[in-house]
Each structure stands twice: as C-alpha cells, then as structure tokens.
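Visitor: I have a structure I would like to understand better, so I am pasting it below and will then ask my questions one at a time.
There are 2 protein chains.
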Amino acid sequence: MARIKTDNNLTRKEVIVTKAATLFREKGFKAASMRDLAEAVGVEAASLYNHIKSKTELLHELCFSVANRFLHKIDEVELEKTGSVEKIEKLLRFHINEMIHHYEEVYVSDREWKHLSDPYLSNFQNQRRIYRKRFAAIIETGIKNKEVKSIDAPTAVLIMLHAISGIESWHRSVQKISAEELEENMISILVGGLVNR
Amino acid sequence: MARIKTDNNLTRKEVIVTKAATLFREKGFKAASMRDLAEAVGVEAASLYNHIKSKTELLHELCFSVANRFLHKIDEVELEKTGSVEKIEKLLRFHINEMIHHYEEVYVSDREWKHLSDPYLSNFQNQRRIYRKRFAAIIETGIKNKEVKSIDAPTAVLIMLHAISGIESWHRSVQKISAEELEENMISILVGGLVNR
DNA sequence: TTTTATCGCTAACATACGTTAGTATGTTAT
DNA sequence: ATAACATACTAACGTATGTTAGCGATAAAA
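Chains as they are written, first to last, in my numbering: chain A, 1 to 197; chain B, 1 to 197.
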C-alpha cells in the first residue's frame, strides 16, 4: 500500500500542503483537482481526507502562514530606530527573499486568495489592507522627513509589492541572474525611485 | 424571449466577450461558468453558443486583442528618433493607460493566459517573451547611452510590467487618487528608479 | 406577406469535481 | 502476540460543468 513519505520530520499534512502549493501555483486553485494533488503525493484522492478537512483548508493554511510572516516582519521593522528609507529597504528585502525562497506559497497567497471563502476571505483582505496601510505610513514618515520624495504613499506601496511579485518571471526564466543580483537590482530600482535627491 | 441588447453598434459576440472579461476578472477563468456568463448577458447558457465557439475562444480573443495592442505600440515607439528614457516613459504611460481604461481585458490577459490551450498558449507565451526582449533592448540602449543607470535590463522590465499590474489595487480601492495623479506618481517612481543621476 | 436566416429556449449528455462511507492494511504500544 | 491506532483503498454520492440537439420565436429580406 502506498504511503506518504515524510522526509525531514514533516507531518504528512505538511507534505500535502507543500505539494498543494506547487500545484496551485502551476494550475491555479480552481483548476488544480484533488485527484491531481493525490497523484503528486502518490496516493488516492480520498486518502488525502485522512489528513485534511477540505481543499479550501489547504488554501487557508497557505494564505495565512504567508500573511503572518509578513505581519511579524513589519511588527519588527516598525520598532527599529532607523530612518524610513532603511525601514522600507528592509521590508523590500524581506519581500524579495520570501518570493525567492518560498516562491510557491507566496505566489499562491498573492494570486489565489480570491478563492478563500468567508470568514477567511474577509479576514485575509483585512490583514492585507492593514499591512499596506502600515507600509504606507512608513513611506509617509519618510516624505515628512524629506528622506523620500513627495509621492502618493499608497501608490508607492502598490508599485513595490506588485513589482516584487514579478519575481515569478525570474523563477520561470531560463537564463537567470543570481538571486543576489536580482535582489540588488530590484532594490536599486525601487528604492532609487523613492528617495529624494 | 430575452434578447442580447447591442448598444453602441456592438455585435452580440462583442457584448459577450466584454461581459466575459468582467467575469473572468472577478472570479478567474476556471471559476467563472458559462451559466454565470449567460446570466450576466441576460440569456440562457446554451444560447451563447449561437455566437461563440467555446469558452476558451473567449479567452483567446481577450488575450490576443490585448497582446496585439501592446505589440503595435512598441512597433511605433521603436521607430521614434528620441532618447531611450523617453521611449521607456512612452511605453510605461501606454501600459498605465491601458490598465486604467481597459482594466478588465488587460487584467484577464495578464493573469489568466495560463488557461489558454495549445497552440494559442505557446503562441501567447512567445509574443510575451519577444515583447519583453524588445522592451529590455530599449533599456539596454539607455544603459549604453548612460541615460539609464547600470542595471539588469530584464529585471527592470519585469519590475515595470508587474508594478503596473498593481493598478488592479487602485481600481478596487475606495479612496482613489485621480487617474492622472496615479499616472504621474507611477512614472515618477518607475522612471526615477531607472535614470542615471 | 411570405420566406429565410438569426437567435433563444428547453432538455439532456458526458465528464469532472469535492467529498463521504466502509473496509482493509500496515504501524505502534501493551 | 494482540490490541489500538493511523493510514490507504475501493466504491459511490451528488453536484456543477461545458457543450450539443432540436425546436420555437423573432427579425430581416424577398
């Protein structure tokens, strides 16, 4: 009888969630079927339900684990006694590295959250809105300081976050520059677009 | 008997395609059903097939009409006898305005092309790859001219295009700045991040 | 007015989906 | 060895989906 193999002391559920992330990224949440997932895991579809409650639960787990990581990071950054630009750069670098190293989850959380169902949906949207407001507030402070040029902060946030989601294309491209180069280039362009000179 | 009403001398097919764009944006291609679309159009699902060949055809039409508009624009811009930064700015402004005024189609083309099926899929991916190469080539020229700072051009393209797709959030936000303000802010940040100073 | 083509309807199809029930097999603890 | 548990299997369910066939109604052309 086939059995889900759990390397690296992962629970079987974690194995399923991880494979789900890959699948949801490749095909989209709706287009990825539980039978697809079962095949990826090496088991029959019904067997998955010994470990998870529903397909949507997989999406919850992915979306909220990602969201929580970003919330913790901004908690941390806000407390630092540094300049605004430094804070912005720190957040951007975190975003970039999350997108590089936890590609599947972050991508799914970014693009597939629409398929969450209430109350998770509203919850997620709230968290997202609040996160962006806090990010914008940091930029606003920078503008008051004259560290950052006079722009619309929410627009700046929107540009930053979406620009970073473009790392998706980097992952898919054949001739990749290194992760470090990518990070430095992105920071150069994005921070360069903000600072007052 | 209900009839598809065709204001503004649109064909009935065009009405369907337009409504499909809205629906595909809201729910995603896979999650939007032909019965949903039929309801939006005010007709029974089966009746749609008097005007279209299949659900996928709707996606083709949307994706390629958008792609063609961008290809025509870059044809035009490449021929101009202006500096690289000016060309980049012109392309960016075009992207921004397309995203503002043809939101639904552009968004769908951007996010749902994965659900195209071959040969349309490979075709679309090719066009996209070529477009980005041409965009990158303009940036490369700018770098050689010292108009643009020394960065990885493909990464710059990726940032630009994805940043612009963030206009999605602007559309959904309640307190919007004006379209003109949005455009100027985006240009300021994105071009500001590129130029050599 | 008659004819013809266009368009919408009802009914139904085959397929794919998420999920459950019940049972067998393998693993761990006593 | 045996009991208890965890995990996988087969079979099946109800529902939703894209699409087709065939028939009536409407609009356009004669």
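All C-beta atoms, glycine included, are put in the ideal place defined by N, C-alpha and C.
Bear in mind the structure is a predicted one, so any value in this text is a computation, not a measurement.
1) Which term fits A:P119, buried or exposed, when burial requires 16 or more other beta carbons within 10 angstroms of its beta carbon?
2) Buried or exposed: which applies to A:V174, given that a residue is buried once 16 or more other Cβ atoms fall within 10 Å of its Cβ?
3) Using a Cβ-Cβ cut-off of 7 Å, state whether A:H171 counts as contacting chain B.
4) How is B:V174 classed by DSSP in three states: helix, strand or coil?
5) Between the Cα of B:V148 and the Cα atoms of B:H102, B:I164, B:V195 and B:R128, which residue gives the shortest distance?
6) Please state the DSSP three-state secondary structure of B:V43.
7) How long is the line joining the alpha carbons of B:S188 and B:S117, rounded to whole angstroms?
8) Between A:T82, A:K146, A:T155 and A:R172, which lies nearest to B:N185 when the distance is taken from Cα to Cα?
9) Would you grab the beta carbon distance between B:K55 and B:V41 for me? Rounded to a whole angstrom, and I think it's under 8 Å.
10) Measuring alpha carbon to alpha carbon, tell me which of A:G142, A:F64 and A:I52 ends up nearest A:V106.
11) Does B:R7 pass the burial test, meaning 16 or more other C-beta atoms within 10 Å, or should it be called exposed?
12) Against A:G142, what residues of chain B qualify as contacts under a CB-to-CB distance less than 8 Å, listed in chain order?
13) Quick test of the definition: if touching needs 3 or more C-beta pairs under 8 Å, does the segment 94-111 of chain A touch the segment 63-78 of chain A?
14) If we count Cβ pairs, one from each stretch, closer than 8 Å, do we get three or more for the segment 73-83 of chain B versus the segment 150-164 of chain B?
15) Listed in chain order, which residues of the segment 83-94 of chain B have Cβ atoms closer than 9 Å to some Cβ of chain A?
16) Closer than 8 Å between beta carbons: that is the criterion. Which residues of the segment 50-62 of chain A meet it against chain B?
17) Does any residue of chain B have a CB that is nearer than 7 Å to the CB of A:K30?
18) On a Cα-Cα basis, can you pick out the residue from B:L62, B:L48 and B:R25 that is closest to B:R3?
19) Which ranges does the beta strand (DSSP E) cover as unbroken runs of at least 3 residues, wholly within the segment 126-155 of chain A, from first to last along the chain?
20) Would you mind stating whether B:H51 and B:I16 have Cβ atoms separated by less than 7 Å?
21) Compare the C-beta of B:D118 with all C-beta atoms of chain A and state if any pair is closer than 7 Å.
22) Assuming A:K30 contacts B:A31 under a Cβ cut-off of 8 Å, what Cβ separation, rounded to an integer in Å, is found between them?
23) Would you grab the beta carbon distance between A:E89 and A:A21 for me? Rounded to a whole angstrom, and I think it's under 8 Å.
24) Taking 7 Å as the CB-CB limit, is A:S188 close to chain B?
25) Just to make sure I have the definition right: I need the residues of chain B whose C-beta is within less than 7 Å of the C-beta of A:I96. Which are they?
26) Going by the beta-carbon positions, is the gap between A:G192 and B:L190 smaller than 7 Å?
27) Could you work out which residue in B:E168, B:I159, B:G83 and B:K13 is closest to B:L58 when comparing CA atoms only?
28) Taking the Cβ atom as the reference point for each residue, do B:L77 and B:L91 lie within a distance shorter than 7 Å?
29) Assuming A:K139 contacts A:V157 under a Cβ cut-off of 8 Å, what Cβ separation, rounded to an integer in Å, is found between them?
30) With DSSP as the reference, please indicate the residues paired to B:V195 in a beta bridge.
31) When we look at the beta-carbon of A:I159 and count the other beta-carbons within 10 Å, is it buried (16 or more) or exposed?
32) What are the uninterrupted segments assigned as alpha helix (DSSP H) that are 4 or more residues long and contained completely in the segment 63-132 of chain A, given in chain order?
33) A:K53 to A:K27, Cα distance in whole Å?
34) Which one of A:W170, A:L23 and A:E180 has the shortest CA to CA distance from B:R129?
35) Looking at the structure shown, is A:A2 part of a helix, part of a strand, or coil, going by DSSP?
Guide: So, to answer that:
1) exposed
2) By the C-beta density criterion, A:V174 is exposed, having fewer than 16 other C-beta atoms within 10 angstroms.
3) no
4) Of the three classes helix, strand and coil, the one that applies to B:V174 here is coil, per DSSP.
5) B:V195
6) The answer is coil: DSSP assigns B:V43 none of H, G, I, E or B.
7) 38 Å
8) A:T155
9) Not really, about 13 Å apart at Cβ, beyond 8 Å.
10) A:F64
11) The identity of residue 7 of chain B in the sequence shown is Asp, whereas the question assumes Arg. Counting Cβ neighbours within 10 Å, B:D7 comes out exposed, since fewer than 16 surround it.
12) Simply none; closest approach about 13 Å.
13) Verdict: yes, contact present.
14) no
15) none
16) Flagged: no residues at all.
17) yes
18) B:L48
19) none
20) yes
21) no
22) 5 Å
23) Not really, about 28 Å apart at Cβ, beyond 8 Å.
24) yes
25) By Cβ distance, chain B contributes nothing, its closest Cβ being about 11 Å from A:I96, past 7 Å.
26) no
27) Closest by alpha carbon: B:K13.
28) Reading off the sequence, residue 77 of chain B comes out as Val, not Leu. Yes, the Cβ-Cβ distance between B:V77 and B:L91 is below 7 Å.
29) Reading off the sequence shown, one finds Ile at residue 139 of chain A, where the question assumed Lys. With a Cβ gap of about 7 Å, A:I139 and A:V157 count as contacting.
30) B:V148
31) buried
32) Assignment of alpha helix (DSSP H) within the segment 63-132 of chain A, counting only whole runs of 4 or more residues, yields 84-101 and 103-112 in chain order.
33) Taking C-alpha positions only, A:K53 is separated from A:K27 by approximately 21 Å.
34) A:W170
35) coil
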